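Under the numbering used here, the first residue of the sequence shown carries the number 28, and numbering increases by one thereafter. Don't be surprised by glycine CBs; every beta carbon is placed ideally from N, CA and C. Every value quoted in this text rests on a predicted model; they were computed, and no experiment measured them.
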Amino acid sequence: MDNLVTAFIHYLRDEKKLSQNTLMSYQRDIEQYIAFLQCKNVNSIQQSNKATISTYMAYQNNQGRAVTTISRSLASIRAFYRFLIS
Numbered sequence: 028m029d030n031l032v033t034a035f036i037h038y039l040r041d042e043k044k045l046s047q048n049t050l051m052s053y054q055r056d057i058e059q060y061i062a063f064l065q066c067k068n069v070n071s072i073q074q075s076n077k078a079t080i081s082t083y084m085a086y087q088n089n090q091g092r093a094v095t096t097i098s099r100s101l102a103s104i105r106a107f108y109r110f111l112i113s
């Protein structure tokens, strides 16, 4: 999955021209999501689904993350999936 994250970050940098801070936020959000997937024994991004993402959002909420942080994380995940299907 690391190669997918790297390709996504390069796409955001090269095509979308996002700032370094924004790129770091996207990367951190996606890496945290992938770590969560691996803890749940989801070993490929193709094994995840809407329920997986909902479970991750609930997990973040239970961890005391701010609503704005959870929203940003969801936006990062959404952008990542859009990149993968394009």
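Output needed for residue 97: all residues of its chain with C-beta closer than 7 Å, excluding positions within five of it in sequence on either side, in chain order. On the sequence shown, residue 97 is found 70 positions in, with the first residue counted as 1. Counting only Cβ-Cβ distances below 7 Å, and skipping sequence neighbours, we find 84, 87 and 88.
Just how far apart, CA to CA, sit residue 42 and residue 32? Here residue 42 refers to the residue found at position 15 when the sequence shown is read from its first residue. Here residue 32 refers to the residue found at position 5 when the sequence shown is read from its first residue. In a straight line, the C-alpha of residue 42 is about 15 Å away from that of residue 32.
Is the beta carbon of residue 103 sitting closer than 8 Å to the one on residue 53? Reading the sequence shown from its first residue, position 76 is the one you call residue 103. Reading the sequence shown from its first residue, position 26 is the one you call residue 53. Contact flag set, yes.
By the three-class DSSP mapping on this structure, what secondary structure does residue 28 have? Numbered from 1 along the sequence shown, position 1 holds the residue referred to as residue 28. Looking at residue 28 - three-state DSSP - the assignment turns out to be coil, as it is neither helix nor strand.
Taking the straight line between their C-alpha atoms, what separation do you get for residue 28 and residue 94? Along the sequence shown, read from residue 1 onward, the residue named residue 28 stands at position 1. Along the sequence shown, read from residue 1 onward, the residue named residue 94 stands at position 67. Taking the straight line joining both Cα atoms gives about 27 Å.
Residue 69 in three-state terms, based on DSSP: Residue 69 sits at position 42 when you count from the first residue of the sequence shown. DSSP places residue 69 in coil when its eight states are reduced to three.
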